[in-house]
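Visitor: Please see the structure below; I have some questions.
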Amino acid sequence: MKELRTILLAEDNPKDVELTLEALGDYNLANEVVVVSNGEAALDYLHRRGAYADRSPENPALVLLDLKMPKVDGLEVLREIKSNEALRVIPVVMLSSSREERDLLVSYGLGVNAYVVKPVKFHEFIEAVKALGLFWAFFNEAPQPRKAE
Amino acid sequence: MLSGKDKSFVDTIRRDRLHDRFFNLPPHLKRPVLFLLIFLIVVVPVLFYHNANREVDEASAWVAHTATVEGKIYEVLYDLRDAEAASRTAAFLPGTPESQKAEADVVAALAAAPSNLDALQALTLDNPYQQERIGRLRASIEGRAPAMREMILLGRAGQVEAAKALLRQSIAANPFREVALKMVEEEKKLLAHRTEKAARDRREVAFLIWGAAAAQLLLFFALYVVSEKDAARRRQAEEASLEAAAYAQSVVETNPDPLTVLDGAARIRSVNKAFAALYGVELGQVRGEPLWEAGGGAWRLPDLQQRLADLIPQGREIWDLEVAQQIGGERRVMLVNARPFPSASGEKLILLAAKDVTARKRIEEQITLLNQELAARVEQTNIVNQELEAFSYSVSHDLRAPLRHITGFADMLNTHLAKQEGDAKTERYLKYIRESANQMGTLIDDLLVFSRMGRSEMAEEEVNMAELVRDVIKHFNLETEGRRIEFAVGPIPSTRGDAAMLKLVWMNLIGNAIKYSRDADPARVEVGALPSDQPEHVYFVRDNGVGFNMKYVHKLFGVFQRLHQADEYEGTGIGLANVRRIVQRHGGKAWADGQVGQGATFSFSIPQQPPPTPDTPAPPLAWPRQPLT
Chain A
1 MKELRTILLA EDNPKDVELT LEALGDYNLA NEVVVVSNGE AALDYLHRRG
51 AYADRSPENP ALVLLDLKMP KVDGLEVLRE IKSNEALRVI PVVMLSSSRE
101 ERDLLVSYGL GVNAYVVKPV KFHEFIEAVK ALGLFWAFFN EAPQPRKAE
Chain B
1 MLSGKDKSFV DTIRRDRLHD RFFNLPPHLK RPVLFLLIFL IVVVPVLFYH
51 NANREVDEAS AWVAHTATVE GKIYEVLYDL RDAEAASRTA AFLPGTPESQ
101 KAEADVVAAL AAAPSNLDAL QALTLDNPYQ QERIGRLRAS IEGRAPAMRE
151 MILLGRAGQV EAAKALLRQS IAANPFREVA LKMVEEEKKL LAHRTEKAAR
201 DRREVAFLIW GAAAAQLLLF FALYVVSEKD AARRRQAEEA SLEAAAYAQS
251 VVETNPDPLT VLDGAARIRS VNKAFAALYG VELGQVRGEP LWEAGGGAWR
301 LPDLQQRLAD LIPQGREIWD LEVAQQIGGE RRVMLVNARP FPSASGEKLI
351 LLAAKDVTAR KRIEEQITLL NQELAARVEQ TNIVNQELEA FSYSVSHDLR
401 APLRHITGFA DMLNTHLAKQ EGDAKTERYL KYIRESANQM GTLIDDLLVF
451 SRMGRSEMAE EEVNMAELVR DVIKHFNLET EGRRIEFAVG PIPSTRGDAA
501 MLKLVWMNLI GNAIKYSRDA DPARVEVGAL PSDQPEHVYF VRDNGVGFNM
551 KYVHKLFGVF QRLHQADEYE GTGIGLANVR RIVQRHGGKA WADGQVGQGA
601 TFSFSIPQQP PPTPDTPAPP LAWPRQPLT
């Protein structure tokens, strides 16, 4: 049995958080979802510092990043993840409200694993999030960073 | 081969060259050559004449000599004849007074004869024949003289007959008349010969004189021609220089820009009309005045003064120096040029030219001002564009989030209520909420696409339009299943442009044709291009659908403009606006023709040499090809 690792969701809008959690929960994905409301908190979590200094050392199975967030936005978090030796293997999915070319280009340039435009139609949104969670958190075999255990 | 005409032309050139050789001699050689020519012309004939004259003189002397010789011969001859005659008289008439006198005569004549012979001999020393004859003559005389003396003795003795016989014998024995005559003849022959030679010499001299005269004339003529030509050349050169001077003068005078010539101390030498008119001066008044004093002090410019002072000593020039002058109470901007030049006498002068650029300056200032305004406006436009972009970015993110929430929570509410006992009205209202939110989402998405069409960078590639049309028709295959649609696709030329954008154009036009011909059976959609050699391609899509009223044609291409109700034909009304925007960005135009119930034709043109697009696109970036969602 695969051990279910956590999913990190960085999203500043509580309504979107609720909708996303609903979608993930709907599929009975048993992964723990850690929700942070800005990029700074997301980086704290990933680097195990501040409020998250005590978390288990395992990296999350998937990071869902909202593009527009206060303080540190999704693109900056993405840049940090993909330039860090220990974090770059974590699959990152960018969630955005628009198909804005610039954002797309920058995200792929930084090495994002997927870029998802949040659809207005709820069903589509649900399906998209479910598919993401299933693929990246359950099926995807990510290389584990070597650790001295 | 040279034709006759050419030859004479060449000869002319040769002659000219000969002249040229003289004219092209260095000046210090010209004079000696001229003197040498004159010497030859004058002295050589004189030498010839002198020589010929001497020869004539000699010939004349010879003639005189011959006459002398002849005279002497006759003298000798007459002496002898006298002696003979006297001896006859004395012998034949003895005892008469005549005979006594005759005896004396004979003695005298015979005495004279030897000296005359000596003289003759001396005269004819050059002629051996005559010498020989003189010898014979002398022998004859010497032979006759004793006979004569004996005849006289015989006469005295009365023996006349014996005397006569002696005479006859003596004459026969000593012939001297023949010898003398021979000598005379010889001398005459010599004379004739010498006379002839003298005459020939004279003729030769005459010939020489005339010849020399002719040669002199010829040489003088040649000199005349040469000097005439020289003079003509000088005249021509003078005329040319006069003409050049007049030309320069007229150029200076008619030049609309003020010109003045200054001396080394910047004192005015001359001014042209334009200078006089502009600065209100007259040459007579300002000649010799420093430039600074002329024209009411318009030239009192320290910088220019310094530069003019440096001009000659430092060999400088003034190029387009811009100065502001007060001329007649008006401020004028002048461009000043000045350069030194040597006068005919070698004095260094300055030519100063001014050009009134006040008007140009004013226009330049206006242009600068306009450019500044334009730059400010462009800046403003850029700011507006940036704001618009920020706005649309904001719309795309922030406007869609609440919509998503409305639909999401309406859905969740629906699910939530479904577990309980929901009533039909609640369900319907929730459905309306979802539908409206969805529609708004679609509108926003369309608007974003439209906005992006105007902003995104355009590719510039060869686009196979025929292939695009085939793809688009294939795309609609699914939608048109169950309908009878005749597609008629004509030849469609390729063009340069952005394939993705142009595909959107065909999607919209062909999609519209299919949509609005829904009620026709069979529906007919024609796609093609107008045959044209114009510098643009015109493409069209024609259908036999519902058409439209041309009254509303101007609304067709507007954003969200619709000619049909939403429940008749689906759509937001953004498609044709996109078509127009894309075609415009390709430098072309889009238009429509139609009639209610008669179908519609939508056309667009793409220039084949497109003008530069109004916005300057950034270098094209690769579009991400990864599949999304």
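Read top to bottom, the protein sequences are chains A and B. Each residue of the first sequence is one higher than the one before, counting from 1 in my numbering. Each residue of the second sequence is one higher than the one before, counting from 1 in my numbering. Here a beta-carbon is modelled for each residue, glycine too, at the ideal position from N, C-alpha and C.
I need the straight-line Cα distance from R323(B) to K348(B), nearest angstrom please.
Guide: Position check: residue 323(B) holds Val in this sequence, whereas Arg was assumed. If I take the Cα positions, the gap works out to 24 angstroms.
Visitor: Give the range of the alpha helix (DSSP H) segment to which N371(B) is assigned.
Guide: N371(B) -> alpha helix (DSSP H) spans 358-394.
Visitor: Would you kindly work out how many angstroms separate the C-alpha atoms of K555(B) and A577(B), rounded to a whole number?
Guide: Straight-line Cα distance between these residues: approximately 10 angstroms.
Visitor: Opposite P342(B) in the DSSP bridges: which residues?
Guide: Paired residue(s): K348(B).
Visitor: How long is the line joining the alpha carbons of R102(A) and D471(B), rounded to whole angstroms?
Guide: Rounded to the nearest angstrom, the two C-alpha atoms are 28 angstroms apart.
Visitor: Flag T629(B) as yes if its beta-carbon sits less than 8 angstroms from any beta-carbon of chain A, otherwise no.
Guide: For T629(B), the predicted structure reports a pLDDT of 32, less than 50, and the residue's modelled location is therefore unreliable. A value from the coordinates is still provided. At least one chain A Cβ lies under 8 angstroms of T629(B).
Visitor: In the DSSP assignment, what are the bridge partners of Q326(B)?
Guide: Q326(B) is bridged to R331(B).
Visitor: When you compare each of A51(A), E32(A), T20(A) to F125(A) by their alpha carbons, which one comes out closest?
Guide: Of the listed residues, the one whose Cα sits closest to F125(A) is T20(A).
Visitor: Using a Cβ-Cβ cut-off of 8 angstroms, state whether Y552(B) counts as contacting chain A.
Guide: Taking Cβ atoms only, chain A never reaches closer than 8 angstroms to Y552(B), which makes this a no.
Visitor: Measure from the alpha carbon of V151(A) to the alpha carbon of each residue in R5(A), V63(A), E80(A), V36(A), then state which is nearest.
Guide: Missing from the structure shown is residue 151(A); chain A here goes from 1 to 149 and no further.
Visitor: Decide yes or no for the touch test of the segment 575-590 of chain B against the segment 540-555 of chain B: beta carbon pairs closer than 8 angstroms, at least 3 of them.
Guide: Judged by Cβ distances under 8 angstroms, the segment 575-590 of chain B makes no contact with the segment 540-555 of chain B, as fewer than three pairs qualify.
Visitor: So, under 8 angstroms CB-CB, L75(A) and S107(A) are touching, yes? Tell me the CB distance rounded to an integer number of Å.
Guide: Confirmed, Cβ separation roughly 7 angstroms.
Visitor: Using a Cβ-Cβ distance cut-off of 8 angstroms, determine whether L134(A) contacts chain B.
Guide: Answer no: the Cβ-Cβ gap between L134(A) and chain B never drops below 8 angstroms.
Visitor: Keeping to the same chain, check which residues put their C-beta closer than 8 angstroms to that of E18(A); ignore five residues upstream and five downstream.
Guide: Cβ within range, chain order: n/a, list empty.
Visitor: Report the partner residues of G497(B) according to the DSSP bridge assignment.
Guide: Answer by DSSP bridge pairing, in chain order: E461(B).
Visitor: With a threshold of 8 angstroms on Cβ separation, who are the neighbours of G490(B) within its own chain once the five nearest residues in sequence on each side are excluded?
Guide: Result list for G490(B): E526, V527, G528, A529, in chain order.
Visitor: Would F176(B) be called buried (16 or more neighbouring beta carbons within 10 Å of its own) or exposed?
Guide: Under this definition F176(B) is a buried residue.
Visitor: For a cutoff of 8 angstroms on Cβ pairs, would you count L8(A) as touching chain B?
Guide: No, because no Cβ of chain B sits closer than 8 angstroms to the Cβ of L8(A).
Visitor: Going by Cα to Cα distance, which pick from A10(A), P70(A), L24(A) is closest to Y45(A)?
Guide: Of the listed residues, the one whose Cα sits closest to Y45(A) is A10(A).
Visitor: In the structure shown, what three-state DSSP assignment does Y74(B) receive?
Guide: Three-state DSSP puts Y74(B) in a helix.
Visitor: State the DSSP-derived secondary structure class of K71(A), mapped to helix, strand or coil.
Guide: Of the three classes helix, strand and coil, the one that applies to K71(A) here is coil, per DSSP.
Visitor: Going by DSSP in three states, F176(B) sits in which element: helix, strand or coil?
Guide: Coil at F176(B), not helix or strand.
Visitor: Considering only residues of the same chain and omitting the five flanking positions on each side of W591(B), which have a CB-CB separation below 6 angstroms?
Guide: Counting only Cβ-Cβ distances below 6 angstroms, and skipping sequence neighbours, we find S603.
Visitor: For D16(A), which residues from the same chain have a beta carbon less than 6 angstroms from its beta carbon, with the 5 sequence-adjacent residues on both sides left out?
Guide: Once the five neighbours on either side are set aside, D16(A) has no close Cβ partner at all.
Visitor: Is Y393(B) close to chain A, meaning its C-beta is less than 8 angstroms from at least one C-beta of that chain?
Guide: Taking Cβ atoms only, chain A reaches closer than 8 angstroms to Y393(B), which makes this a yes.
Visitor: Which chain B residues sit within Cβ distance under 8 angstroms of S98(A)?
Guide: Near S98(A) (Cβ distances below 8 angstroms), the residues of chain B are Y393, S396, H397, R400, L448.
Visitor: Among the candidates L242(B), V184(B), I350(B), whose CA atom is the shortest distance from the CA of V261(B)?
Guide: Checked all of L242(B), V184(B), I350(B); the closest Cα to V261(B) is I350(B).
Visitor: Looking at N38(A): is its Cβ nearer than 8 angstroms to the Cβ of V93(A)?
Guide: Going by C-beta atoms, N38(A) is not nearer than 8 angstroms to V93(A).
Visitor: Can you find the residues in the same chain that come closer than 6 angstroms, C-beta to C-beta, to L278(B), ignoring five residues on each side of it along the sequence?
Guide: Contacts found: P258.
Visitor: Under three-state DSSP, which class holds E18(A)?
Guide: Three-state result, E18(A): helix.
Visitor: Return the CA-CA distance between H405(B) and H123(A), expressed in angstroms with no decimal places.
Guide: Roughly 12 angstroms between the two C-alpha positions.
Visitor: What is the residue span of the beta strand (DSSP E) that A265(B) lies within?
Guide: Unbroken run through A265(B): none, as it is neither H nor E.
Visitor: Let's test the definition: count the other Cβ atoms within 10 Å of the Cβ of I485(B) and tell me whether it reaches 16, buried, or not, exposed.
Guide: I485(B) is buried by the Cβ-count criterion.
Visitor: Does chain A have any CB closer than 8 angstroms to the CB of H405(B)?
Guide: Closer than 8 angstroms to some Cβ of chain A, the Cβ of H405(B) qualifies, so yes.
Visitor: Let me know the secondary structure DSSP gives P614(B) once reduced to three states.
Guide: Note on P614(B): pLDDT 46, under 50, position unreliable in the model; no value is reported.
Visitor: Output yes if chain B places a C-beta closer than 8 angstroms to the C-beta of K130(A); else output no.
Guide: K130(A) does not count as touching chain B.
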